[in-house]
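First the structure, in the form of structure tokens, and then the observations on it.
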């Protein structure tokens with residue numbers, strides 16, 4: 001993991017390297033958005049004796 005030789009613009013999210021990287025550049029991010037479930041009930045589907053699923057879970061973003 002490269003820990004120097006680049007700058008980050010935290011307003012735009014743009015990363016600028018001091019020199020062109022020799023290899024492939026990859027990144028991984030985590031994004032946190034406050035949200036809530038759209039309903040108080042979520043009926044489940046029983047797939048087998050130890051596996052359950054939902055057809056869909058709708059979440060609503062909580063705006064400040």
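Residue numbers (the UniProt record's numbering): 1 to 64.
For glycine and all other residues, C-beta sits at the position ideal for the given N, C-alpha and C.
Spanning the alpha carbons of residue 54 and residue 39 requires a straight line of approximately 13 Å.
The secondary-structure analysis by DSSP pairs residue 36 across a beta bridge with 60. Under the three-state reduction of DSSP output, residue 10 falls in the coil class, being neither helix nor strand.
Looking at the backbone, the Cα of residue 37 and that of residue 20 are separated by about 44 Å. The beta-carbon distance between residue 6 and residue 17, rounded to whole angstroms, is 5 Å. This is short enough to meet the 8 Å contact definition.
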